[in-house]
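Q: Position in the sequence shown (from 1) plus 8 gives the number in this note's numbering.
Take this structure, written in structure tokens, and hold onto it; I'll ask about it next.
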Amino acid sequence: MAQQVRKAVIPAAGLGTRFLPATKAQPKEMLPLVDKPAIQYVVEEAVSVGITDILVITGRGKRSLEDHFDRSFELEYYLEQGGKTADLAEVRRIAEMADIHYVRQGEPRGLGHAVMVAAEHVGDAPFAVLLGDDIMHPGSGVLPGMLKAFEHYGHSVIALKEVPKKDISSYGCADVKPLEENVVRVEDLVEKPSPEEAPSNLAVMGRYVFGPAIFDVLADTPPGRGGEIQLTDAIKKLAEQEPVYGWTFRDGRFDVGNKLDYLIATVELALERDDLGPSFRKFLTERLSRDD
């Protein structure tokens with residue numbers, strides 16, 4: 009029986025070039041989805057499955073990210089004085105919902121290197137990796153399913169989703185053997201293959217559950233595509249040494265580093281809000297009717 013996962017790593021050191029100029033002076037992880045920064049959704053996802061020891065891998069210009077999860081006594085004072093009890097409770101909840109640590113990557117040497125930076129904090133414990141660009145809808149069940157598979161099989165689990173074959177070159181791609189509902193065994197991985205070279209249309213998404221063995225593999229993984237240490241290359245090597253499993257899913261993932269997906273996520277999340285949904289849906293219906 010595998011250990012329970014109690015730690016998470018959130019790589020957040022990227023420059024956010026896909027969202028320039030908005031990310032010139034602010035972290036991409038702090039771009040708001042309705043009224044919460046993207047990274048808060050990721051932290052809340054980890055907390056929802058009982059993970060409260062979280063390490064965020066940051067870089068230069070990310071101080072506002074740390075400030076967001078810290079106490080703000082001046083803000084709390086003014087909210088308390090103004091009788092804004094709901095807002096006060098929310099900002100305190102953000103600061104208290106998890107034990108969040110930070111370490112800088114130093115230089116952008118790839119996702120694999122970012123995960124390696126977490127080795128000292130994680131130690132010999134299993135851990136989850138949650139990419140800040142990938143927002144999972146709470147109803148997707150991806151992380152709970154992955155943790156259940158990890159506890160059952162005792163080996164690393166990666167999230168996999170079918171994508172159109174023409175889009176597979178944007179992702180790591182998995183060759184798999186089906187085992188049971190939602191669970192496959194990973195036979196091979198290819199980082200960003202052409203559609204002609206891709207072994208399947210199953211793309212690696214931004215959720216992983218690893219045992220500590222991944223650190224030794226990463227340490228022996230040479231730079232790959234783009235001169236960076238690719239996490240996909242390390243998982244491929246890991247799968248040659250021990251079983252690696254995939255958790256497949258269909259819906260509920262937004263790539264908020266992509267402008268269109270960012271807009272879609274904002275709309276979807278706003279429509280689900282009791283305070284915004286009805287009025288926003290009315291506006292969208294009326295606005296779309298004017299285009300007919």
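In this text, a Cβ means the ideal position worked out from N, Cα and C, and glycines have one as well.
State the DSSP-derived secondary structure class of D269, mapped to helix, strand or coil.
A: Residue state, collapsed to three classes: helix.
Q: Quick one: give me the first and last residue of the alpha helix (DSSP H) that V50 is part of.
A: Per DSSP, V50 belongs to the alpha helix (DSSP H) from A46 to S56.
Q: Per DSSP, which one or two residues make a beta bridge with T256?
A: Paired residue(s): L168.
Q: Within the continuous alpha helix (DSSP H) that includes Y161, where are the two ends?
A: Looking at the DSSP string, the run of the alpha helix (DSSP H) that includes Y161 is V150 to Y161.
Q: Considering only the alpha carbon of each residue, which of E98, R100, L41 and I65 lies closest to R112?
A: Taking only the C-alpha atoms, the option nearest R112 is I65.
Q: Please list, in chain order, all residues of the same chain as I222 whose beta carbon is under 8 Å from its beta carbon, the five residues on each side excluded.
A: Around I222: V123, S164, A242, I243 and L246.
Q: G120 and L239: beta carbons closer than 8 Å?
A: In contact: G120 and L239 (Cβ atoms closer than 8 Å).
Q: Using C-beta distances below 6 Å, list every residue in its chain close to L87, excluding the 5 sequence neighbours before and after it, in chain order.
A: Closer than 6 Å at the Cβ level, and outside the excluded window around L87, lie D95 and L96.
Q: What does DSSP give as the partner residues of F262 in its beta bridges?
A: DSSP lists I143 as partners of F262.
Q: Which same chain residues end up closer than 8 Å to K267 when comparing Cβ atoms and leaving out the 5 residues on each side of it in sequence?
A: Closer than 8 Å at Cβ, skipping near neighbours: R26 and F27.
Q: Does K36 get closer than 8 Å to chain C when you measure Cβ to Cβ?
A: Absence of chain C from the displayed structure is noted, only one protein chain being present.
Q: In the DSSP output, which residue or residues are listed as bridge partners for A136?
A: Note: A136 sits in a beta bridge opposite A16 and V217.
Q: Exposed or buried, T93, counting other C-beta atoms within 10 Å across all chains shown (16 or more means buried)?
A: Per the 10 Å Cβ criterion, exposed.
Q: Provide the residue span of the alpha helix (DSSP H) that contains I102, from first to last.
A: I102 -> alpha helix (DSSP H) spans T93 to E104.
Q: Measuring CA to CA, which of P116, P251, R101 and L41 is closest to K187?
A: It should be pointed out that residue 187 corresponds to Leu in this sequence rather than to Lys. Of P116, P251, R101 and L41, the residue nearest in Cα terms is P251.
Q: With a 10 Å radius around its C-beta and 16 neighbouring C-beta atoms as the bar for buried, classify R258 as buried or exposed.
A: Under this definition R258 is an exposed residue.
Q: Suppose you measure from the CA of D282 to the CA of I102; what does that come to, to the nearest Å?
A: Whole-angstrom Cα-Cα distance: 21 Å.
Q: Can you check whether the CB of K70 is closer than 8 Å to the CB of A16?
A: No, they are not a contact pair.
Q: Where E84 and I143 are concerned, what is the direct C-alpha to C-alpha distance, given to the nearest angstrom?
A: Looking at the two C-alpha atoms, the distance is approximately 28 Å.
Q: Drop a sphere of 10 angstroms on the beta-carbon of D75, count the other beta-carbons inside from all chains shown, and report buried for 16 or more, exposed for fewer.
A: Under this definition D75 is an exposed residue.
Q: Tell whether a beta-carbon distance below 8 Å holds between V13 and V217.
A: Against a cut-off of 8 Å, the Cβ pair of V217 and V13 comes out as a contact.
Q: The alpha helix (DSSP H) with V198 in it runs from where to where?
A: From DSSP, V198 is part of no alpha helix (DSSP H) but of the beta strand (DSSP E) over V191 to E199.
Q: Taking Cβ positions, are V212 and P152 nearer each other than 8 Å?
A: No, they are not a contact pair.
Q: Any idea what DSSP makes of T31, helix, strand or coil?
A: In this structure, T31 counts as coil in the three-state DSSP scheme.
Q: Based on DSSP bridge pairs, tell me the residues matched to V184.
A: V184 is bridged to V194.
Q: Which partner residues of T66 appear in the DSSP bridge assignment?
A: For T66, which the question treats as bridged, DSSP gives the partners R112.
Q: Let me know the secondary structure DSSP gives P207 once reduced to three states.
A: Residue state, collapsed to three classes: coil.
Q: Going by DSSP in three states, P251 sits in which element: helix, strand or coil?
A: Coil at P251, not helix or strand.
Q: Would you mind reading off the limits of the alpha helix (DSSP H) that contains D75?
A: Start and end: R71 to H76.
Q: Given 8 Å as the limit, is there contact between the region 156 to 171 and the region 179 to 194, that is, 3 or more CB pairs closer than that?
A: With a cut-off of 8 Å, the region 179 to 194 and the region 156 to 171 count as touching, because enough Cβ pairs lie within range.
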